[in-house]
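Chains as they are written, first to last, in the working numbering: chain R, 221 to 387; chain F, 489 to 931.
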Amino acid sequence: MLDLILFYFFATLAIVSAVLVVTRRNAVHSAIFLITALLATAGIFLQLQAEFVFIVQIILYVGGIMVLFVFVIMLVNLDVTLRQMQFNRGWLVGLVLAVALGAQLAYALFLGRNVQLTGPAGGELSAQNTEQVGQVLFQNYLLPFEIASILLLVAMIGAVVMAKKRI
Amino acid sequence: MNALVEFFRPHLLPLLYAVVIVAVLPLIAGYIVLLERKIMADMQARLGPMRVGPHGLLQPIADAVKLLIKEDIIPENADRWIFWLAPLLSVTAGMLALAAFPFGPAFQIADLNIGLLFILGISSMGIFGIVLGGWASNSHYSLLGALRSAAQLVSYETAAGMAVVGGLLLAGTLSTRRIVEMQAEQGTWFIFLAPIAFFTYLVASIAETNRAPFDLPEAESELVAGYMTEYSGFRWALYFLAEYTNMVVVASVATTLFLGGWLRPFPGTTWLNFLDYTPPLLMLLLAGYCFYRTPRQPVKVQQGFLAAVGLLCLLLAVILALPLLPLAVGGIEAQSLRPAIHGGFWFLFKVFAYMYVFMWLRFTFPRYRFDQLMKLGWHFLIPVSIVNVMGIGVALVLDREAGWPLWQALVLTTLLTLAVAAYLAVVGERKDSAAVGGAERSA
Chain R
221 MLDLILFYFF
231 ATLAIVSAVL
241 VVTRRNAVHS
251 AIFLITALLA
261 TAGIFLQLQA
271 EFVFIVQIIL
281 YVGGIMVLFV
291 FVIMLVNLDV
301 TLRQMQFNRG
311 WLVGLVLAVA
321 LGAQLAYALF
331 LGRNVQLTGP
341 AGGELSAQNT
351 EQVGQVLFQN
361 YLLPFEIASI
371 LLLVAMIGAV
381 VMAKKRI
Chain F
489 MNALVEFFRP
499 HLLPLLYAVV
509 IVAVLPLIAG
519 YIVLLERKIM
529 ADMQARLGPM
539 RVGPHGLLQP
549 IADAVKLLIK
559 EDIIPENADR
569 WIFWLAPLLS
579 VTAGMLALAA
589 FPFGPAFQIA
599 DLNIGLLFIL
609 GISSMGIFGI
619 VLGGWASNSH
629 YSLLGALRSA
639 AQLVSYETAA
649 GMAVVGGLLL
659 AGTLSTRRIV
669 EMQAEQGTWF
679 IFLAPIAFFT
689 YLVASIAETN
699 RAPFDLPEAE
709 SELVAGYMTE
719 YSGFRWALYF
729 LAEYTNMVVV
739 ASVATTLFLG
749 GWLRPFPGTT
759 WLNFLDYTPP
769 LLMLLLAGYC
779 FYRTPRQPVK
789 VQQGFLAAVG
799 LLCLLLAVIL
809 ALPLLPLAVG
819 GIEAQSLRPA
829 IHGGFWFLFK
839 VFAYMYVFMW
849 LRFTFPRYRF
859 DQLMKLGWHF
869 LIPVSIVNVM
879 GIGVALVLDR
889 EAGWPLWQAL
899 VLTTLLTLAV
909 AAYLAVVGER
919 KDSAAVGGAE
929 RSA
């Protein structure tokens with residue numbers, strides 16, 4: 221019962237703030253609602269007893285990426301954009317994509333309508349959550365993990381090269 | 489209703505602890521401010537606050553009342569909601585992080601298995617309070633202070649995180665309670681096994697709490713009061729509370745991870761058992777000092793107050809001494825309570841000692857320039873802490889695979905890391921002087 225209440229609380233919070241992210245005109249307000257949406261998602265992770273993913277979500281997305289977002293937004297002159305009309309006409313593409321995604325989700329729900337959920341994967345797993353993530357990441361999926369790391373490194377070096385005139 | 493009571497029954501004790509922490513923390517923060525002013529006064533050869541209460545002991549209460557009844561000003565063009573929300577965010581993040589610390593073997597709100605990560609993650613959210621508050625004030629000083637703060641925190645969080653990883657490798661667990669227990673098993677604090685990680689964390693934590701010599705976000709000679717410029721009254725007090733809560737949080741992280749948490753110094757050495765007598769003796773000493781000063785107070789009320797403080801110290805001394813006596817009440821051995829009672833004392837003692845170092849550095853060092861701050865973070869602290877993490881990893885492998893004694897391997901890698909640090913320092917110095925020389929030549 222409590223689980224259900226919590227789930228609907230986090231889910232509603234996530235959806236409402238996600239909608240507010242795109243509807244607010246003020247970019248800082250959007251960023252704040254994006255933070256709320258990310259935190260609500262983290263709450264759902266916690267409810268699934270994926271504690272490690274919960275805290276990584278907070279450290280990386282909320283504490284890292286969003287700080288940089290807010291940092292950049294604050295450097296931009298917001299008053300100008302607030303008074304301007306929206307000039308890009310991307311809403312048609314957006315609508316098509318949204319409908320496609322909604323259809324996919326609806327189909328997935330339709331397929332899974334008879335599946336009995338067994339709940340989160342049990343208490344024994346959560347006791348060693350971090351260790352298990354580590355083992356899976358560094359043993360079973362070592363190569364994909366390293367490839368992803370190299371990719372990020374390349375992106376980082378690329379950004380530095382582009383930003384700096386003289387290295 | 490019954491279901492609700494049943495639901496809360498197993499959580500009663502943690503709830504009680506949470507209420508105690510939230511209720512007591514503002515008071516403690518107030519007294520840390522008094523302590524800081526007294527220490528500053530001592531270092532500058534003056535008396536500090538002396539008027540309100542004996543030796544200024546009631547000054548924090550007076551300050552709090554003053555702040556509460558001050559006029560609450562919101563600037564005309566401020567973003568009201570965010571202006572209102574920002575200080576709350578800062579305080580909440582700091583207080584939430586305190587939930588995972590074991591203040592003693594029996595005093596902990598929640599023993600999370602992601603303990604230390606939880607603390608780091610939640611306390612890193614406090615920066616939004618600073619950044620949003622600075623932006624919402626709609627003032628240049630505030631915005632610049634907020635930007636500096638954000639840049640500083642993001643840079644130094646990496647170094648602090650790496651330093652923490654160094655300690656975690658030795659502990660092999662993230663749970664704060666297990667970390668302390670591991671130090672008890674090893675018989676030594678991790679500061680002796682990973683000194684470089686500790687000192688990196690010390691420097692990074694000063695920068696993270698925006699304190700001098702890294703207090704550029706609120707450098708009064710440049711930015712008035714930084715992100716807090718437009719805040720007044722109670723909201724300002726909340727920012728202040730958040731700052732001191734963050735100090736307590738970083739001090740508690742250092743205490744738990746490097747200074748042995750609730751353990752007494754040298755927990756494994758039996759011939760040092762006499763150290764168990766220090767807590768009651770220290771309290772006795774304090775009580776004695778209070779009684780000694782009582783007749784010298786100018787006013788009757790102050791004499792009474794100081795005597796009461798002395799009696800309180802005496803009471804604490806008795807409580808701390810009880811577990812050392814061979815007593816048994818109702819079948820409970822008094823000595824079995826010693827870890828619980830003395831644990832709290834040692835934890836707080838270490839937290840305050842760590843904060844004393846903060847204050848000491850604050851009154852000793854001049855403020856850094858912003859580019860110096862960034863250089864120190866990115867060119868020195870982060871490389872050194874990364875090398876240190878790798879060194880500790882290698883030492884652990886040597887210990888487990890090659891059968892070296894752990895301390896030998898650690899001493900070796902610590903020396904190597906120190907060599908790297910010295911190299912970095914020399915190269916940085918040379919680069920600096922070359923840049924200055926080049927500029928002079930071109931000019």
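For each residue, glycine too, the CB sits at the ideal point set by N, CA and C.
Since this is a predicted model, take the numbers as computed values, not measurements.
For F:Arg-568, the uninterrupted alpha helix (DSSP H) segment begins and ends at 568-585. In the structure shown, F:Phe-702 falls within a coil segment according to DSSP collapsed to helix, strand and coil. Where R:Ile-235 is concerned, the enclosing alpha helix (DSSP H) starts and stops at 222-243. Going by beta carbons, F:Ile-829 and F:Met-650 fall outside the 7 angstroms limit. If you compare the alpha carbons of R:Gly-332, R:Val-236 and R:Ile-278 with that of R:Ser-250, the shortest gap goes to R:Val-236.
Collapsing the DSSP output to three states places F:Gly-592 in a strand.
Contact note: R:Thr-350 reaches chain F through Asn-601, Ile-602, Leu-605, Thr-661 and Leu-662, using a C-beta cutoff of 9 angstroms and chain order.
Taking a beta-carbon distance threshold of 7 angstroms, F:Ser-630 does not count as an interface residue toward chain R.
For F:His-830, the uninterrupted alpha helix (DSSP H) run begins and ends at 826-852, by DSSP. DSSP assignment within the segment 518-573 of chain F yields the following whole alpha helix (DSSP H) runs of 4 residues or more, N-terminal first: 547-556. Residues Leu-546, Gln-547 and Ala-550 of the same chain have their beta carbon placed closer than 6 angstroms to that of F:Val-540, with the five preceding and five following residues left out of the count. Distance from F:Gln-790 to F:Pro-537 at the Cβ level is roughly 13 angstroms; contact not present, criterion being Cβ atoms closer than 8 angstroms. Taking C-alpha positions only, R:Thr-261 is separated from R:Val-335 by approximately 23 angstroms. Taken through DSSP and simplified to helix, strand or coil, F:Met-613 comes out as coil. In terms of beta-carbon proximity, F:Gly-609 lines the interface with chain R, with at least one pair separated by less than 7 angstroms. Proximity of F:Met-613 to chain R, defined by a Cβ-Cβ separation below 7 angstroms, is satisfied.
Taking a Cβ-Cβ threshold of 8 angstroms, none of the residues of chain R is close to F:Val-741; the smallest such distance is about 14 angstroms.
In the DSSP assignment, F:Asn-626 falls outside any alpha helix (DSSP H) and carries neither an H nor an E. The three-state reading of DSSP puts F:Trp-677 in coil, since its state is none of H, G, I, E or B. Comparing C-alpha distances from F:Val-736 to each of F:Tyr-505, F:Tyr-842, F:Pro-854 and F:Phe-858 shows the shortest one belongs to F:Tyr-842. Assignment of F:Gln-785 by DSSP, reduced to helix, strand and coil, places it in the coil class. At the C-beta level, F:Leu-825 and F:Pro-811 come within 7 angstroms of one another. Across the set F:Pro-502, F:Gly-518 and F:Leu-500, the C-alpha of F:Gly-518 shows the shortest separation from the C-alpha of F:Thr-733. Within its own chain, the residues whose Cβ lies closer than 8 angstroms to the Cβ of F:Ser-720, once the five positions on either side in sequence are excluded, are Lys-558, Glu-559, Asp-560 and Ile-561, listed in chain order. Boundaries for F:Asp-599: no alpha helix (DSSP H) harbours it, and the DSSP string shows neither H nor E there. In this structure the segment 513-529 of chain F does not lie against the segment 594-607 of chain F, because fewer than three pairs of beta carbons, one per stretch, are closer than 8 angstroms. When the alpha-carbon of F:Phe-728 is set against those of F:Leu-503, F:His-867, F:Leu-869 and F:Gly-617, the nearest one is in F:Gly-617. The contact set of F:Val-619 on chain R, defined by CB atoms closer than 8 angstroms, consists of Val-287, Val-290, Phe-291 and Met-294 in chain order.
In the three-state reduction of the DSSP assignment, R:Val-296 falls in the coil class, being assigned neither a helical nor a strand state.
Classified as exposed, F:Asp-530 has fewer than 16 neighbouring CB atoms from the shown chains inside 10 Å of its CB. Interface with chain F (7 angstroms Cβ-Cβ cutoff): R:Ile-275 is included. Annotation for F:Gln-860: the continuous alpha helix (DSSP H) segment containing it runs 858-863. Of all residues in the segment 252-269 of chain R, the ones placed with a Cβ closer than 8 angstroms to any Cβ belonging to chain F are Ile-252 and Ile-255, in chain order.
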